[in-house]
Amino acid sequence: MKSNTSTEDNIHLDQNNLKKDKQEQVKKEEISPQAKDVQIEGQLVATRDERIQRLKKQVEEGTYKVKPIEVAEKMLDFFNKK
6 MKSNTSTEDN IHLDQNNLKK DKQEQVKKEE ISPQAKDVQI EGQLVATRDE
56 RIQRLKKQVE EGTYKVKPIE VAEKMLDFFN KK
């Protein structure tokens, strides 16, 4: 009885190619723009929370320093916009 190894080899090659194609499809999938926005928003919230905690700690320790020039500039910007 003659074995048909070339056919078996071709089947294995086809199966391997299918697996590779599926893996490439998974790699090519991208995050939707909405998901990217949510991800960025989460990073902004985390950054904001860290800043708030740092400022609270500085106020509690008495190391927070007010910069009068920056306060004055912000006040001018605020009142000039109205």
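The sequence shown maps to residues 6 to 87 in the working numbering. Glycine included, every Cβ here is placed at the ideal spot set by N, Cα and C.
Check                                                                                                         : Outcome
Distance CB(leucine 81)-CB(tyrosine 69) smaller than 9 Å                                                      : no
Glutamate 1 in three-state terms, based on DSSP                                                               : No statement about residue 1 is possible, as the shown extent of the chain runs from 6 to 87 and does not include it.
Straight-line Cα distance separating valine 64 from valine 2                                                  : Residue 2 falls outside the range modelled here, since the chain spans only 6 to 87, and no answer is possible.
Simplified DSSP assignment, three categories, for lysine 87                                                   : coil
Euclidean distance between Cα positions of glutamine 44 and lysine 25                                         : 29 Å
Cβ neighbours of isoleucine 36 in the same chain (closer than 8 Å, five flanking residues each side left out) : Gln44
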